[in-house]
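Data first, discussion second: the structure below is written as structure tokens.
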Amino acid sequence: MKRVLLLWLVLSTGLTAACHAQPPVAAVAEQLYQRHILTAEGRDLLRKTAAEGRLQGLNTPELLSAAEAAPQQGPVAVLLFCAQAFTVEMLYRTNFPRTPADQRKQDELLATALKQFKTDTTAALNYVLSHGPAAARLEAAIPAEDKVAPTGWTIYPPLGLGGAMVAGHLIHESRSTLGKTRTRLARDLHALGLLSDAAYQQVQTELTRQQLLTEQAVCERGATLMLAEATLPARRVARRLLLDSLQLTGQLTAARRREAEAANPPQELLPPLALLGFTTYARVVPVRELPARPEQLYPALLAQVSQLWPRFRPTEVQATVVRREDGPNLWADYVTLSFRADGRRYASRFLHAYARKDGTQQANGPEVGEEFRTGINQWLRDQQAPERLYLAYQPDARSVYGQEQLDLAILTRPQRKVWGSAAYFLTEENHDNRFTSAWLDSLPDRLQALGLLSHLTPAQLTAARQELSQGQKQTMLELLACFPQLLYWPDWEMATEPAPYARYLREMAAISRGGFAPVQVQDTFRPEVSYGRKTAFSFRLGTATYRATLRTKDEWLDSNAIELVERAAREQGHGSQFYLIDGGEAYLYLTPAQHAGLQQLDADLFVQP
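Just so we're aligned: the sequence shown equals residues -21 to -1, 1 to 588 in mature numbering (1 follows the signal peptide of the UniProt record, and there is no 0).
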């Protein structure tokens, strides 16, 4: 812990010194305006934000914590502002419904476009932009200086980014937000001194490789590179401390440390993924060299794990794929991966990837569903091993997880902690060895003995047993969720339909196995007239009638109704009541004996934050 704190102090000090050395941004705002990058509105917002000390930079202690925003000045903060400005502008140009009349016009445009272009959603988007209001036509009018990926940056159809209420025309009309002017933008940022020569060269390389697809990505990548330059001395100190910790926790031999240090690029450090690859039980897997078909991909990955961890010797490895619809535009491919190890069959079902129905998804090489590791980790749990299989990623311009490389690493909990909690780098794994496969096999019988499954049919019990065996459930809460109508997660924002309090009451009763059976229910709420007004809510339970006068604001249920239901259950339940679990988000109805029995199985289940 002291070593982690020291690393944080070293990096924070280096970042602070680097940021203090940067000039103010007022002059840069005018230069961005003169270069036709920002509009006058964008320039003024940058000046105002900087003057008020609200300009944000990234404070990223390498590998120790997630990125944090902190007030800063200088190129990093300006580039991040520009990245955000391009996002705002993209929404300004493409998310144009402002009124119901605007929405009707957009719906008509979309209907016309889809009728004409069928499943070609890119062509449909271009049609909508060129025939939409003035803000939308700004983007359509910009000539394409750079090649734009035909399907954009997402598998989802680029039809309506709706929902985000962002106002502001911050980017000049000559600049695209969809990637058509990204090379010119990089050149101008370099000319303004916001990108150093080295950073500009790297951005140019990534543009040539089609790794930076939008103007926003150019600004964000530039900010990352400039931050890396500014913090290099401090990060070198932090890297030495990290290498010390890796040796102390048995992850890195002295010889491999020397190799890792020799592999550092000039004026840079090895990326975290590459450094992890030098440790004893880790290997970097080039994703593009893996088989593309899931039926071959996952057996190949299991073979890689077996080479990394020779005690894992799977046989009868099989991966099957089921494709299902996911809305009108997407397919979802689910994989069932099974193998036999140490006399037991392990199987897990997980999402492999999405695919566009129109077939226009850009080819990025094989995709790996990260849940493939769950069967292996269940095997490790059955062996009572302290290790777990982790996946490590290196973000790139196409994905926060990266499309090029994947690192497989076998780590203990203390070894994992050395790498910190940086988002999108290393997965999080559960090292609790209590829930072995044999224990999971016995759980339905234990719950039946407590009377918690009396409401289930034999078919439901069989399905629950199969789900328990999938190896993806790592907490008691997740295990209990395998059984229908045992837990209830209320939607606290359900006041969008008539009588939401009556619905809440019904769904609470449904998990009580007959122990909570209210009758004579009254709920006068109607969404078209009841917001902010009085709602009468009442029901009869046992020998008592419970009433409350409620006021519903927005879509949230009045908490007085929730308290009324909980109190009624306590008063009429003869010791039985609803218990809150999952941090107060889920309900479980228990008798005193059932509560005591579940506490014996897992006392942490009822701990509230």
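No residue lacks a Cβ here, since even glycine has one placed at the ideal position from N, Cα and C.
- Residue 153 and residue 461 have their C-alpha atoms some 55 Å from each other.
- The C-beta of residue 398 has 16 or more other C-beta atoms within 10 Å across all chains shown, which makes the residue buried.
- Taking the CA atoms as reference points, residue 544 sits about 7 Å from residue 484.
- According to DSSP, residue 535 shares a beta bridge with no other residue.
- Apart from the 5 residues on each side of it in sequence, residue 312 sits with its Cβ closer than 6 Å to the Cβ of 300, 302, 331, 332 in its chain, given in chain order.
- By the Cβ criterion, the stretch 113 to 125 is not in contact with the stretch 16 to 30, since fewer than three pairs of Cβ atoms, one from each stretch, lie closer than 8 Å.
- Sequence-distant Cβ neighbours of residue 453 in its own chain, meaning closer than 6 Å and more than five residues away, are 409.
- Secondary structure at residue 177: helix, using DSSP grouped into helix, strand and coil.
- With a threshold of 16 other beta carbon atoms within 10 Å, residue 358 meets it and is buried.
- Taken atom to atom, the span from the alpha-carbon of residue 11 to that of residue 161 is near 15 Å.
- CA-CA distance, residue 469 to residue 400, rounds to 31 Å.
- Here residue 583 is exposed, its C-beta having fewer than 16 other C-beta atoms within 10 Å.
- Note on residue 214: 16 or more other CB atoms within 10 angstroms of its CB, so buried under the neighbour-count rule.
- Taking residue 561 as reference, the option from 572, 585, 579, 576 with the minimal CA-CA separation is 585.
- With contacts defined as CB atoms closer than 9 Å, residue 580 and residue 567 fail to qualify as a contacting pair.
- In this structure residue 173 is in contact with residue 54, their Cβ atoms being roughly 5 Å apart against a cut-off of 8 Å.
- Check the Cα spacing between residue 198 and each of 219, 158, 224, 216: the tightest is with 158.
- The DSSP assignment places 366 to 372, 384 to 391 as complete runs of the beta strand (DSSP E) inside the stretch 359 to 439, in order along the chain (cut-off: 3 residues).
- Pairing residue 19 with residue 149, the inter-Cα distance amounts to about 8 Å.
- Residue 238 sits exposed, since fewer than 16 C-beta atoms from the chains shown fall within 10 Å of its C-beta.
- Out of 268, 240, 362, 314, the CA that lies nearest to the CA of residue 292 is found in 362.
- Counting the other Cβ atoms within 10 Å of the Cβ of residue 163 gives 16 or more, which makes it buried.
- In the DSSP assignment, residue 57 falls within the alpha helix (DSSP H) that extends over 54 to 73.
- In summary, residue 256 is buried, with 16 or more beta-carbon neighbours lying within 10 Å of its beta-carbon over all protein chains present.
- For the 9 Å CB-CB criterion, residue 367 and residue 390 form a contact.
- Taking one beta carbon from each stretch, the stretch 410 to 418 and the stretch 433 to 441 have fewer than 3 pairs nearer than 8 Å; the two do not touch.
- Counting only runs that start and end inside the stretch 524 to 573, the alpha helix (DSSP H) elements of at least 4 residues fall at 538 to 551.
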